[in-house]
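Those protein sequence lines, which keep their order, are chains A and B.
In this note's numbering, each number is its position in the first sequence, counted from 1, plus 1454.
In this note's numbering, each number is its position in the second sequence, counted from 1, plus 1454.
Just so it is clear, CB atoms sit at the ideal spot from N, CA and C, and this is done for glycine as well.
Only a predicted model underlies this, so the values are computations on that prediction, with no experimental measurement involved.
Inspection log for the structure reproduced underneath, given as structure tokens.
Protein chains: 2
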Amino acid sequence: MPTTQIPGVTVNTQANVYFDGKCVSHGLTYPDGTKKSVGVVLPATLTFGTGAPEIMECVAGGCEYKLAGTDTWVPVVPGDAFKVPGNSSFDIRVAEAFHYICHYG
Amino acid sequence: MPTTQIPGVTVNTQANVYFDGKCVSHGLTYPDGTKKSVGVVLPATLTFGTGAPEIMECVAGGCEYKLAGTDTWVPVVPGDAFKVPGNSSFDIRVAEAFHYICHYG
């Protein structure tokens, strides 16, 4: 079951806008200080770099992703998640919309 | 002072995507049940319709807006807010980005 709501968090009101708006997210802070973000990738093929490792959780829509150093596009549907190593990158292609939660670390 | 963070809310993980992504928002629910949203309008000139009355609070960036039935474009900067009647509309034009909180009712 995808995560439809996240209770009890602090929301950053200013969005993060990447790739001319092809990706828009809002930062969240949990009561214990953990930071995550909720966002959407619109129809595009993009390459995202990572600093910290990330887990991308699909909450609606879908995408295909390809991790750096691999040749395989992997489809993702709501409820799926994929891990991306730190200091790395991944390609993502989105046909309609990919709604996600990004977990760091 | 613009509102930079909203504490203690439940966030809808699926974004609302309007106008092919020119406007993206995430819904919020307060502990008392009040619903608001945080979003961003990217460079565009758009017309938004309202159901309930809305207050649009600028938290970063800026825009110009023109209420239905008026001829005046009004500039908005962070910390400003403008009211839109219910069952009405407003035009908005954005040069860079307009980050907002939408309050209903």
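Nearest neighbour of residue i, chosen from the options [CA to CA]
| i | options | result |
| --- | --- | --- |
| Ile1551 (chain B) | B:Asn1541, B:Val1531 and B:Ser1491 | Rather than Ile, the amino acid found at residue 1551 (chain B) in this sequence is Ala. The candidate whose alpha carbon is nearest that of Ala1551 (chain B) is B:Val1531. |
| Ala1514 (chain A) | A:Asn1470, A:Tyr1554, A:Ser1543 and A:Gly1462 | A:Tyr1554 |
| Ala1549 (chain A) | A:Asp1486, A:Thr1499 and A:Asp1534 | A:Thr1499 |
| Pro1497 (chain B) | B:Thr1483, B:Lys1490 and B:Cys1477 | B:Cys1477 |
| Thr1483 (chain A) | B:Phe1536, B:Ser1542 and B:Gln1459 | B:Gln1459 |
| Tyr1558 (chain A) | A:Tyr1472, A:Val1465 and A:Glu1511 | A:Glu1511 |
| Cys1517 (chain B) | B:Ile1509, B:Pro1529 and B:Asp1525 | B:Pro1529 |
| Thr1524 (chain A) | A:Gly1475, A:Phe1544, A:Phe1536 and A:Asp1486 | A:Phe1544 |
| Thr1457 (chain A) | B:Gln1468, B:Arg1547, B:Trp1527 and B:Lys1520 | B:Gln1468 |
| Val1495 (chain A) | B:Arg1547, B:Gly1475, B:Thr1464 and B:Cys1556 | B:Gly1475 |
| Phe1536 (chain B) | B:Thr1488, B:Leu1521 and B:Asn1466 | B:Leu1521 |
C-beta neighbour in chain A for residue i, strict 8 Å
| i | result |
| --- | --- |
| His1557 (chain B) | no |
| Ile1460 (chain B) | yes |
| Leu1500 (chain B) | no |
| Leu1482 (chain B) | yes |
| Gly1442 (chain B) | With chain B running from 1455 to 1559 in the structure shown, residue 1442 (chain B) is simply not present. |
Enclosing beta strand (DSSP E) for residue i [first to last residue]
| i | result |
| --- | --- |
| Lys1520 (chain B) | Cys1517 to Leu1521 |
| Ser1491 (chain B) | Lys1489 to Val1495 |
| Gln1459 (chain B) | Gln1459 to Asn1466 |
| Val1531 (chain B) | From DSSP, Val1531 (chain B) is part of no beta strand (DSSP E); its letter is neither H nor E. |
| Thr1501 (chain A) | Ala1498 to Gly1503 |
DSSP three-state assignment for residue i, whether helix, strand or coil
| i | result |
| --- | --- |
| Gly1475 (chain B) | helix |
| Leu1542 (chain A) | At residue 1542 (chain A) the sequence reads Ser, which differs from the Leu that was named. Coil. |
| Ala1551 (chain B) | coil |
| Pro1456 (chain B) | coil |
| Gly1619 (chain B) | Outside the displayed span of chain B (1455 to 1559) sits residue 1619 (chain B), for which this structure offers no information. |
| Ala1469 (chain A) | coil |
| Ala1535 (chain B) | strand |
| Ala1514 (chain A) | strand |
Minimum Cβ-Cβ distance from residue i to chain B less than 8 Å
| i | result |
| --- | --- |
| Ala1509 (chain A) | The sequence given here places Ile at residue 1509 (chain A); Ala does not occur at that position. For Ile1509 (chain A), the answer is no, since every Cβ of chain B falls outside 8 Å of its Cβ. |
| Ala1535 (chain A) | no |
| Ala1469 (chain A) | yes |
Sequence-distant residues of the same chain with beta carbon closer than 6 Å to residue i, five excluded per side
| i | result |
| --- | --- |
| Gly1540 (chain B) | Thr1504, Ala1506 and Pro1507 |
| Ser1479 (chain A) | Asn1470, Ser1491 and Gly1493 |
| Asp1534 (chain A) | Cys1512 |
8 Å CB neighbourhood of residue i in its chain, flanking five on each side removed
| i | result |
| --- | --- |
| Phe1473 (chain B) | Ala1498 and Leu1500 |
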